[in-house]
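In this text, residue positions in the sequence shown follow my numbering: the first is 17, and each later residue adds one.
Ideal Cβ positions, reconstructed from N, Cα and C, are used throughout, including at glycine.
Notes to accompany the following structure.
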Amino acid sequence: MDNKMTEISQAMYDEATSELLTVQDAVEYLEKEGKMRTLREKLEKYSYGRDLQSVLTEGLMVNHPELSRDSVRKRVKGWLTSDSRSLEKPDAIEVCFILKLSLKEADDLVASIAEEKLHWRSPDEIVYIFALKQGMDYPSARALDGEMRAMLDGAKDAREPAEDSFTPIIRQEVYALNSKEELRDYLRQAAPRLGRCHNTAYRLFMEMMDTLKNPQLDEETARAEVMEAERLTIRDILREYFYENNVLYAKEMVRESKKKNSRLGENEKRIFTAIEKNISDSWPDEAALSKMKSRKLDVTRKVLILLFLATEPGPDPDGEEELTRDEVFQDLYQRLNDMLALCGFAALDPRVPFDWMILYCICVQDMFDVDARMRAMFREMFGERLWTAE
17 MDNKMTEISQ AMYDEATSEL LTVQDAVEYL EKEGKMRTLR EKLEKYSYGR
67 DLQSVLTEGL MVNHPELSRD SVRKRVKGWL TSDSRSLEKP DAIEVCFILK
117 LSLKEADDLV ASIAEEKLHW RSPDEIVYIF ALKQGMDYPS ARALDGEMRA
167 MLDGAKDARE PAEDSFTPII RQEVYALNSK EELRDYLRQA APRLGRCHNT
217 AYRLFMEMMD TLKNPQLDEE TARAEVMEAE RLTIRDILRE YFYENNVLYA
267 KEMVRESKKK NSRLGENEKR IFTAIEKNIS DSWPDEAALS KMKSRKLDVT
317 RKVLILLFLA TEPGPDPDGE EELTRDEVFQ DLYQRLNDML ALCGFAALDP
367 RVPFDWMILY CICVQDMFDV DARMRAMFRE MFGERLWTAE
């Protein structure tokens, strides 16, 4: 057993990588037997025996005295119900203050809830990182954030990463700050190097998108001068590697089904299961990918994972020894997790539906099989748009 996994996580990991499930079996397992980690479980890990309902309710009442106790109690109850799985990142950060977590604990909890760690380059999150490190309470941290925002009003995020703006450098500098005055001076001086978008994730996103847009052609194809025809547009990439005709098609059907005057018949209407909703949440469309390219939107973890698998060539075919299926999987699994860690994102978690699906799909001998299994999995789960000839 992987000593970093709980017994339930290990069991789900083993099921995903067992090679015993057909695509239909895999979807059925996720829907009927998958034990997805709830928000309550994530929070209980850091409750240390305290009553979460009471601690969170009292903490939110202190932080937001303008709210009624009844509304706060209902909000916390909603967080702790069995179906609740996530919070918005700002709410997750606030919970870290309420639970009085260390900076390391806060980083881990935020990653488990929001799928990304605290962002050391974001001027907003730097303030809360500083406040956590200094042991401040949330109202004080929020007031300090307001003060710093006012000071930085008008400052623009860095559009192109500078050499001294990558997270390890910024992290060292921020960690060394010990007073509000030092924080204020640092933010004022470092503002041009900071940004709310992840630099490393953006760099990898652009590299992988370029690889897909401009595929390497063999010499014979290149001589035939078909390079232009081989170049892919963002729409092509969306269709081929982001399964537009499965996931986005299903989301369109769900939206149409909710309309009062839906054009769909009763047998055509669709409602997502909890698993389908989790996997399809924040799925990128053409506009989202374009905004990521222009840095108007941060690159998401889901997008990076899909691009990684779309551009990954697999083991070197000219290698001295042919790798076993397990060796191919372990190599791919490790490099995918390394990329996520490099970008500040959480590692693959077998108790997250999308991640479990990825684990199932990459446990194959060949990268071509990964693509085939991904397509089959999305088709089985979301159906497929059938195009008619024009």
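- When only Cα atoms are considered, V270 and A166 end up about 42 angstroms apart.
- Under a 10 Å Cβ-count criterion, D365 is classified as buried, with 16 or more other Cβ atoms of the shown protein chains found around its own Cβ.
- For M397 against V43, the beta-carbon gap comes to about 5 angstroms, under 8 angstroms, which counts as contact.
- In the DSSP assignment, N353 falls within the alpha helix (DSSP H) that extends over R341 to L358.
- In terms of CA proximity to K51, T22 leads the group T73, T22, G65 and E35.
- With distances taken between CA atoms, L115 lies nearest to V78 out of V78, W136 and I142.
- Non-local beta-carbon contacts of N283 in its own chain, meaning distances under 8 angstroms to residues more than five positions away in sequence, are absent.
- If one requires a minimum length of 3 residues, no beta strand (DSSP E) run lies completely within the segment 40-89.
- With a contact defined as Cβ atoms closer than 8 angstroms, H214 and G65 miss out at about 35 angstroms.
- F394 and T73 have their C-alpha atoms some 40 angstroms from each other.
- R341 is positioned such that its CB atom lies no closer than 7 angstroms to that of E131.
- In this structure, L210 places its C-beta atom within 7 angstroms of the C-beta atom of R137.
- In the displayed model, F288 falls within coil according to three-state DSSP, outside both helix and strand.
- Cβ contact annotation for V88 (same chain, cutoff 8 angstroms, sequence separation greater than five): T73, L76, M77 and H80, in chain order.
- Judged by beta-carbon spacing, L193 lies within the 7 angstroms limit of F146, meaning their Cβ atoms are closer than that value.
- Taken atom to atom, the span from the alpha-carbon of D30 to that of D169 is near 50 angstroms.
- Sixteen is the threshold: since fewer than 16 other Cβ atoms of the shown chains lie within 10 Å of the Cβ of K93, the residue is exposed.
- Here N261 is buried: its Cβ has 16 or more other Cβ atoms, across all protein chains shown, within 10 Å.
- For F258, the three-state secondary structure derived from DSSP is coil.
- In the structure shown, the three-state DSSP call for E132 is strand.
- Beta-bridge annotation (DSSP): F361 is paired with E132.
- Per DSSP, reduced to three states, the secondary structure at G399 is coil, with no helix or strand assignment.
- At least 7 angstroms separates the beta-carbon of P329 from that of L46.
- The continuous alpha helix (DSSP H) containing L375 extends over residues P369 to I378.
- Proximity to L59 across A27, V126 and L119 peaks at V126, based on C-alpha coordinates.
- Taking 4 residues as the shortest admissible run, the segment 146-224 contains the following complete alpha helix (DSSP H) segments, listed from N- to C-terminal end: 154-168, 183-191 and 196-206.
- DSSP, reduced to helix, strand and coil, places Q381 outside both helices and strands of the structure shown, so it counts as coil.
- Separation of the CB atoms of V315 and A217 is rounded to 4 angstroms, and the pair is thereby assigned contact status at 8 angstroms.
- Between V380 and L325, the beta carbon gap of about 11 angstroms keeps them out of contact (Cβ cut-off 8 angstroms).
- By the 16-neighbour rule on beta-carbons within 10 angstroms, A266 is buried.
- In the DSSP assignment, S138 falls outside any alpha helix (DSSP H) and carries neither an H nor an E.
- Residue state for G94 is assigned as helix, using DSSP reduced to three classes.
- By the Cβ rule, the segment 287-297 does not count as touching the segment 346-354, because fewer than three pairs are nearer than 8 angstroms.
- DSSP places V315 outside any alpha helix (DSSP H), giving it a letter other than H or E.
- Within the same chain, V263, A266, K267, F288 and F398 come within 8 angstroms of S296 by CB-CB distance, once the 5 residues on both sides are set aside.
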